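These notes concern the structure reproduced below.
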Amino acid sequence: MLADLNQLPEAGLLAEERALLGLVREALVTAEASPEDLALLRQAIADLDTLFLLVVVGEFNAGKSAFINALLGQRVLPEGVTPTTAAITWLRYGEGPAEHRLDDLVEYTYPDPLLRTVAIVDTPGTNAVLREHEALTERIVPRADLILFVTSADRPFTESERAFMARIRAWGKRLVLILNKADLLHSRTELDAQL
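Take the sequence shown: its position 28, counting from 1, is numbered 1089 in the working numbering, and each next residue is one higher.
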């Protein structure tokens, strides 16, 4: 599969971008740029070799894991009525289902074709009781290529959600809003009133 990916037109564009970033790095070194600037450039070069990073955020029990499972068409991540995501959860392609746990990170692998090009991250709730869950989420969001913000139809756009969306915008990230649990509402009028 990697050989096939290298034949795509995007491979040439990535090679050109790597070369340009290499020239920028040389110029920054010559200009004695700060270590912070050089670190940012190193991260930009490293990011070229990573999969598209889709990060799913929202309050606890908004249905983030359920949404990811629906996106994949399989129950890959645990779901529940109580908060089930207590760590940053990476979902990547793998030949078979597997789970690996580290301190603040859980990695699931699953053989879904989408995961060959996209890494999906499920995050602890932005309004979690444990502040370290929120801190974990804030560490991963700035690295995202796209953020899906899941809000629940039974309690949409809370004050903590609005504050977190403002932080996402301040980071300059693209955001798509997902209204989950719309089936809990009884009519289209009730749905429109929530929006």
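We treat Cβ as the ideally placed atom computed from N, Cα and C, and that holds for glycine. Owing to the predicted nature of the structure, the values given are computational and were not obtained by experimental measurement.
- The shortest CA-to-CA distance from Arg1086 to any of Gly1073, Ala1076, Ile1106 is the one to Ile1106.
- In the same chain as Thr1178, and ignoring 5 residues on each side of it, the C-beta atoms closer than 7 Å to its own belong to Leu1112, Phe1113, in chain order.
- Sorting Asn1241, Gly1134, Ile1149 by C-alpha distance to the C-alpha of Arg1204 places Ile1149 at the top.
- Bridge pairing for Asn1241: Ser1213 [DSSP].
- Residue burial is scored here from C-beta neighbours: Thr1187 has at least 16 other C-beta atoms within 10 angstroms and is therefore classed as buried.
- Distance from the CA of Asn1130 to the CA of Glu1140, rounded to the nearest whole angstrom, comes to 9 Å.
- By the 16-neighbour rule on beta-carbons within 10 angstroms, Asp1173 is buried.
- If you look at Leu1133, you'll find it in the alpha helix (DSSP H) that goes 1125-1133.
- Of all C-beta pairs linking the stretch 1089-1108 to the stretch 1150-1170, fewer than three are shorter than 8 Å, placing the two stretches out of contact.
- By the Cβ-count criterion, Ala1123 is buried, with 16 or more other Cβ atoms from all chains shown falling within 10 Å of its own Cβ.
- When C-alpha distances from Pro1185 are compared across Leu1176, Arg1200, Leu1175, the shortest belongs to Arg1200.
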